[in-house]
Every structure is written in C-alpha cells, then in structure tokens.
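S.K.: I am attaching a structure below and will ask some questions about it afterwards.
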Amino acid sequence: MKILWLDDEIDLLKPHIMFLEDQGMKVIGIDHPLKALEIAKSEDFDVILIDYKMPQISGIEFAREIKKLHPNVPLVLITMVQDKEVMDEAYSIDVFDYLVKPVQPSQILAVLRKLEKDKIKNRAETRRILNYYNAINSLGNDWKDWLEKGRLLFYWMVESPEDELLKEELKTKNQDFATWVMRKYPELLNTPEVPFIFKVFKNHVFPLLKNGERVTLIVFDNFRFDQALELSKAIPSGYNVEIHPIFSVLPTATQFARNSLFSGHTPYDTERRNPGWTRDNLHEKELLEQNLIENGFKNLPHVIKKINSLDAFKQEIFDAGLPLEIYVINFFDMIFHLREAESPLRGLIENAEDYVKLCKFLLESSNFLEKLHTPNIIITTDHGWVKGEKPVVIQGGMEATEGLRFKFGDSLKALEGKPIELMDLKKFGIPQIARMLFLAKGYDFFVYKSDPGKYKKRYMGGLFHGGLSIEEMIIPLIRLKRRLS
Numbered sequence: 001m002k003i004l005w006l007d008d009e010i011d012l013l014k015p016h017i018m019f020l021e022d023q024g025m026k027v028i029g030i031d032h033p034l035k036a037l038e039i040a041k042s043e044d045f046d047v048i049l050i051d052y053k054m055p056q057i058s059g060i061e062f063a064r065e066i067k068k069l070h071p072n073v074p075l076v077l078i079t080m081v082q083d084k085e086v087m088d089e090a091y092s093i094d095v096f097d098y099l100v101k102p103v104q105p106s107q108i109l110a111v112l113r114k115l116e117k118d119k120i121k122n123r124a125e126t127r128r129i130l131n132y133y134n135a136i137n138s139l140g141n142d143w144k145d146w147l148e149k150g151r152l153l154f155y156w157m158v159e160s161p162e163d164e165l166l167k168e169e170l171k172t173k174n175q176d177f178a179t180w181v182m183r184k185y186p187e188l189l190n191t192p193e194v195p196f197i198f199k200v201f202k203n204h205v206f207p208l209l210k211n212g213e214r215v216t217l218i219v220f221d222n223f224r225f226d227q228a229l230e231l232s233k234a235i236p237s238g239y240n241v242e243i244h245p246i247f248s249v250l251p252t253a254t255q256f257a258r259n260s261l262f263s264g265h266t267p268y269d270t271e272r273r274n275p276g277w278t279r280d281n282l283h284e285k286e287l288l289e290q291n292l293i294e295n296g297f298k299n300l301p302h303v304i305k306k307i308n309s310l311d312a313f314k315q316e317i318f319d320a321g322l323p324l325e326i327y328v329i330n331f332f333d334m335i336f337h338l339r340e341a342e343s344p345l346r347g348l349i350e351n352a353e354d355y356v357k358l359c360k361f362l363l364e365s366s367n368f369l370e371k372l373h374t375p376n377i378i379i380t381t382d383h384g385w386v387k388g389e390k391p392v393v394i395q396g397g398m399e400a401t402e403g404l405r406f407k408f409g410d411s412l413k414a415l416e417g418k419p420i421e422l423m424d425l426k427k428f429g430i431p432q433i434a435r436m437l438f439l440a441k442g443y444d445f446f447v448y449k450s451d452p453g454k455y456k457k458r459y460m461g462g463l464f465h466g467g468l469s470i471e472e473m474i475i476p477l478i479r480l481k482r483r484l485s
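Just so you know, we're using full-length UniProt numbering here: the sequence shown kicks off at 1 and counts up by one.
What follows is the structure in structure tokens.
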C-alpha cells in the first residue's frame with residue numbers, strides 16, 4: 001500500500017512512518033500542502049493522510065484540491081479535536097475516515113486495514129457484477145435463455161440494487177425482450193414446453209394431487225422475482241427449495257394474468273368460455289372449479305381464500321386440512337395502488353426499493369412461513385411491476401381501461417413515444433375487448449393529451465404493471481417440499 005502523509009510537523013511522525021514501513025507499506029511524508037499537491041499530480045496513492053490544521057491551508061481545502069485530481073482516492077483526516085462541524089465538513093467531501101491526535105501507529109494501521117478490507121470487498125463485488133454481465137450476455141435468444149437472463153438479472157438486482165451497470169443492462173435487455181416477445185409470443189403460447197402462468201396447475205399442482213399428496217398454493221398479487229428471492233431467505237430449514245422463473249401473460253394485469261392462472265387457459269380462451277370474466281378478478285373460485293373438473297378432480301375437497309388485509313394475513317392459520325388449499329394474498333397490490341393515491345403511504349414508499357423493503361418487512365413480521373405445514377407448498381404470483389420513468393402521450397382509450405401500462409380502445413393514437421400496438425389480439429391470446437391494444441414497454445407509462453403535464457407530474461416514478469417488461473413478465477414460482485424427518 002502506497003501512502004502520502006501530509007503534516008506540517010511530519011518530522012515528529014518519523015516513528016509512525018517507520019512502523020508503517022515495517023508493516024510493508026510505502027510512506028511518503030510531506031510537510032507542505034503545495035509540495036504534496038505536486039507529488040499527487042505525478043504519482044498515484046492508495047490513501048492520503050491529511051493534517052486538518054496547517055499554517056498554509058486547512059486540511060479540508062487540501063482535500064478538495066486532491067479530490068479534483070483523484071476523485072476516488074481515500075482520504076483520512078487527522079484532527080486535534082473531535083469537532084462536529086469539522087466532521088460534517090469532512091464527510092461532505094467524502095473523507096473515508098478521521099483520527100484525533102495524538103495518533104498512535106496502531107490506530108493508523110487499523111484504518112488502513114479497514115480500507116484494505118473495503119478494497120477487497122469492492123474488488124469481489126466488481127468480479128461478481130462482471131460475472132453476472134458476462135453470463136447474461138453469453139446466453140442465446142430462445143425462451144429458456146430469456147428465463148435464465150431474467151433470473152440472473154433478478155439475482156443481480158438483489159445483490160447490487162444500485163449498480164449503474166445493472167440499470168443500463170435492464171434498459172438494454174428490456175428493449176431486446178420486447179422485440180423478442182412481439183416476434184415469438186404467438187408461437188410460445190402454442191408450445192407445450194414453455195412454462196406460462198396458465199400451466200401452473202397442470203405442471204405443478206395436479207401431478208402432486210394425482211399422487212395423493214396435499215398441496216398449498218400461495219398466490220401473491222403483484223410480486224416480483226426479486227421479492228421472491230428475498231422471501232426465500234426466510235424459508236424454514238425443513239423444506240427443500242426450488243425457485244423457477246416462468247412467464248406471465250399479456251397484458252400483465254391481474255384480471256388477465258390471475259384469471260389465466262386459475263382457468264388454465266390464455267386470457268382469450270378464458271374470456272371465450274366465460275364472457276366478461278376477464279374484466280375483473282372476481283371469479284377465481286368459479287375458474288378453479290372448471291379447471292379441476294376438466295382435469296379429473298371434480299369432487300376434490302379444496303378451499304380458496306382471498307386475504308385482503310395485513311390483519312387477516314397475520315391471523316390466517318394456513319391449515320384447513322384439505323388436499324388443496326389456495327390463498328390469494330391481495331394486500332400487497334392494495335399497498336401498491338394506495339401509494340399512487342393521496343395517502344400517507346406516498347411518504348413511506350418513495351421508490352421501488354422502499355416498496356420491496358416494506359413488503360419484506362410485512363412478510364417477516366407476520367411469520368406466515370412458520371404457519372405452513374403442508375408437505376408441498378407452491379408460491380407464485382400473477383405478475384410483476386416496474387417503476388414508471390418515461391411518459392408516453394396518447395389519445396383515446398379512456399373508455400376501456402384505466403391501466404397506465406396498457407390501454408384498450410377503438411381509436412388509440414400515440415402522440416409522443418412509441419408503445420407496442422396490437423390489432424390481432426386473438427393471435428396473442430388476448431380477448432378482443434376493443435379494436436386495438438397499446439402496451440407500454442420498458443419503463444414507459446401512458447398519459448393523456450388532455451393534460452399531459454398534470455399526469456406526468458402525478459405518475460412519474462410510480463409503480464405500475466400491465467405492460468411488457470422483464471420485471472412484469474418473468475415471474476417466480478417457488479416449490480417447497482418438506483424433508484422427511
């Protein structure tokens with residue numbers, strides 16, 4: 001480690017310098033700030049130690065000049081007194097640490113060891129980030145590759161949510177994903193192997209029931225893959241855990257995706273068989289009954305419960321003693337939508353990270369995982385969500401839908417921005433509610449031309465679903481199997 005040490009009484013610190021050199025460090029001691037600046041212009045240092053009080057300029061002034069030359073070099077300020085104003089000023093220019101005189105060599109060594117640990121940690125994080133980036137970009141362009149890309153992006157999101165490379169990668173990959181989905185979606189709907197949400201019962205629930213095993217299905221409304229990863233950390237040790245990425249359906253809105261889950265069919269076929277039922281999410285029980293009958297479980301004892309509040313969630317015992325138990329957890333989505341209204345939650349949930357943290361806290365505080373005793377537990381959702389960052393001004397569509405990421409209408413027109421425009425809705429497994437459908441892609445959201453400024457201000461940074469993005473469409477399916485004791 002190479003150290004620059006600036007102190008107008010540097011000669012008195014020779015024993016300290018010798019101690020550090022005995023520890024294998026190279027130390028250059030300077031007694032004048034201008035000399036130190038000249039050296040810093042031509043040489044790189046791992047850390048710079050700065051005396052706060054010098055006759056020429058203050059240590060803070062010197063630190064500011066150094067930051068102009070080397071913005072990322074760690075600075076350690078050495079002061080005579082532990083003054084709050086000095087500390088605040090030091091941290092305002094991103095000083096790594098500070099020490100109060102008289103300084104012992106061991107104190108300096110401790111700070112340097114801490115710095116070395118941080119560097120090792122940062123290097124490890126950089127390697128991990130690059131590993132994610134390289135793994136994602138080595139994958140191909142079929143449905144398995146896209147599910148794996150989504151899975152890796154969500155793991156990256158959990159580990160480094162503020163990483164700038166991740167944010168850029170999500171934007172780029174969402175553009176590619178939208179293009180791929182528009183080209184391949186009709187074919188994917190008719191490919192038996194592709195794991196869509198409407199195959200959850202067929203692929204995961206019914207095989208267990210046929211073997212005479214009990215199953216509990218938990219459906220969280222509006223629950224992203226990264227939230228599922230956070231939830232998985234709290235799963236009791238008595239279960240084997242599998243986490244799979246699957247596809248939701250378009251539009252990624254509750255009345256289409258959840259009805260598709262329970263019916264076992266695309267939204268188009270669900271609407272064709274039950275006209276009007278895809279306009280809301282009030283028919284899960286009836287759709288499930290049809291699905292059970294079609295698959296040979298006409299007389300199967302079962303229960304389906306909707307849980308619409310946190311109190312009800314905490315009080316639910318999650319054990320009805322039946323072969324099939326289904327619990328639909330709605331209150332996350334209610335929190336999600338209340339955040340957009342004029343409510344105290346607007347201050348509590350300022351951004352996407354706050355929403356994820358709040359949901360995690362509510363799940364952990366409820367201890368609901370400890371209440372689950374069924375041998376087989378499946379946890380999934382109907383769709384994910386995104387943060388709205390870019391308004392797309394449109395005309396029409398108010399007569400059909402209120403969603404900010406999807407709009408049905410007979411005379412839709414984009415005035416600013418480029419939404420996905422669908423006319424042949426049947427081809428995409430979507431009911432022909434109107435002549436056409438607009439889907440927002442990436443992080444877009446729709447505003448009307450009547451007062452775009454008002455809507456932009458109100459909805460910018462909001463959390464939405466219904467459109468086409470990796471975060472909305474690649475959703476989690478967690479399988480828990482109780483271990484034999």
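Note that CB positions come from ideal geometry on N, CA and C, so glycine has one too.
1) Enumerate in chain order the residues of its own chain whose CB-to-CB distance from E389 is below 6 angstroms, with the five nearest sequence positions on each side excluded.
2) Report the residue ranges of all beta strand (DSSP E) runs contained in full by the stretch 223-286; include only those spanning at least 3 residues, in chain order.
3) Suppose you measure from the CA of E289 to the CA of V181; what does that come to, to the nearest Å?
4) Taking D163 as the reference, give the member of R128, L139, L439, D280 with the closest Cα.
5) Rounded to the nearest angstrom, what separates L477 and E416 at their Cα positions?
6) Mapping DSSP to helix, strand and coil, what is I60?
7) Answer yes or no: do L77 and I120 have a C-beta to C-beta separation smaller than 8 angstroms?
8) Quick check on G429: buried or exposed, where buried means 16 or more other Cβ atoms within 10 Å of its Cβ?
9) For K298, does the three-state DSSP call read helix, strand or coil?
10) What are the residues that DSSP puts in a beta bridge with R482?
11) Can you check which of these residues, L322, P236, N330, is closest to I222 by C-alpha distance?
12) Can you tell me where the alpha helix (DSSP H) with G384 in it begins and where it stops?
13) Evaluate D311 with the Cβ neighbour count: other Cβ atoms within 10 Å of its Cβ, from every protein chain shown; 16 or more gives buried, anything less gives exposed.
14) Use the C-beta contact count for P267: other C-beta atoms within 10 angstroms, 16 or more gives buried, fewer gives exposed.
15) Rounded C-beta distance between R405 and G461? I'm assuming under 8 angstroms.
16) Taking the straight line between their C-alpha atoms, what separation do you get for K41 and L69?
17) Report the partner residues of M436 according to the DSSP bridge assignment.
18) Would DSSP call Y448 helix, strand or coil?
19) On the three-state DSSP scale, how would you describe K101?
20) Looking at L288 and the ligand COA, is the gap between the Cβ and the nearest heavy atom below 7 angstroms?
21) Considering only residues of the same chain and omitting the five flanking positions on each side of R151, which have a CB-CB separation below 6 angstroms?
22) If the criterion is Cβ atoms closer than 8 angstroms, does the pair K149 and K173 meet it?
23) With distance defined between alpha-carbon atoms, name the residue in P55, M25, R64 nearest to L37.
24) Would you tell me roughly how many angstroms separate the C-alpha atoms of E342 and K171, rounded to the nearest one?
25) Among the candidates T374, S365, N367, whose CA atom is the shortest distance from the CA of A320?
26) Tell me F196's beta-bridge partners as DSSP assigns them.
27) Any idea what DSSP makes of I317, helix, strand or coil?
28) So, helix, strand or coil for I3, using DSSP?
29) Cα separation between P323 and G453?
30) Identify which residue in I379, K387, A414 has its Cα closest to the Cα of G396.
31) Would you kindly check if the distance between the Cβ of I378 and the Cβ of V205 is under 8 angstroms?
32) Using the rule of at least 16 other Cβ atoms within 10 Å of the residue's Cβ for burial, across every protein chain shown, is N137 buried or exposed?
33) Between the alpha carbons of K167 and Y448, how many angstroms are there, rounded?
34) Using CA coordinates, which residue listed in M1, D31, M18, P15 is at the minimum distance from D8?
35) Do M473 and T270 have their beta-carbon atoms positioned less than 8 angstroms apart in this structure?
36) Closest by CA to E353, which one among D382, D226, F313, G238?
M.R.: So, from the listed chains and residues:
1) Once the five neighbours on either side are set aside, the close Cβ partners of E389 are Y443.
2) Listed in chain order, they are 239-247.
3) Their backbone Cα atoms lie some 31 angstroms apart in a straight line.
4) For the set R128, L139, L439, D280, the Cα lying nearest the Cα of D163 is the one of R128.
5) CA-to-CA, the gap between L477 and E416 works out to about 37 angstroms.
6) Here I60 sits in helix by DSSP.
7) Their beta carbons are not under 8 angstroms apart, which means L77 does not touch I120 by this criterion.
8) Taking every protein chain shown into account, the CB of G429 has 16 or more other CB atoms within 10 angstroms, so this residue is buried.
9) K298: coil per DSSP, three-state reduction.
10) DSSP lists Y239 as partners of R482.
11) Note that residue 222 is Asn in the sequence shown, not Ile. Of the candidates L322, P236, N330, the one whose C-alpha sits nearest the C-alpha of N222 is N330.
12) Following the DSSP letters along the chain, one finds G384 in no alpha helix (DSSP H), marked with neither H nor E.
13) The residue in question, D311, is exposed, as its Cβ has fewer than 16 Cβ neighbours within 10 Å.
14) If you draw a 10 Å sphere on the C-beta of P267, you find 16 or more other C-beta atoms in it, and that means buried.
15) Between R405 and G461 the beta-carbon gap is near 14 angstroms, outside 8 angstroms, which marks them as no contact.
16) The straight-line gap from Cα to Cα measures roughly 7 angstroms.
17) DSSP lists G409 as partners of M436.
18) The three-state reading of DSSP puts Y448 in strand, counting E and B together.
19) It is coil, neither helix nor strand.
20) This structure does not include the ligand COA; it has no bound ligands of any sort.
21) Here the set comprises P245.
22) A contact, by the Cβ cut-off of 8 angstroms.
23) Of the listed residues, the one whose Cα sits closest to L37 is R64.
24) Any reading at E342 must be qualified, since the residue scores a pLDDT of 47, below 50, and its modelled position is unreliable; the value itself is stated next. E342 and K171: Cα-Cα distance of roughly 30 angstroms.
25) Minimum Cα distance to A320 is reached at T374.
26) Secondary-structure assignment with DSSP links F196 through a beta bridge to F247.
27) DSSP places I317 in coil when its eight states are reduced to three.
28) In this structure, DSSP gives I3 an extended state, which the three-state scheme calls strand.
29) Pairing P323 with G453, the inter-Cα distance amounts to about 53 angstroms.
30) In this structure, A414 is the residue among I379, K387, A414 with its C-alpha nearest to the C-alpha of G396.
31) In contact: V205 and I378 (Cβ atoms closer than 8 angstroms).
32) In this structure N137 is exposed. Its beta-carbon is surrounded by fewer than 16 other beta-carbon atoms within 10 angstroms.
33) Per the coordinates, the alpha-carbon of K167 lies some 28 angstroms from the alpha-carbon of Y448.
34) Nearest of M1, D31, M18, P15 to D8, Cα basis: D31.
35) Against a cut-off of 8 angstroms, the Cβ pair of M473 and T270 comes out as no contact.
36) E353 has its Cα closest to that of D226, out of D382, D226, F313, G238.
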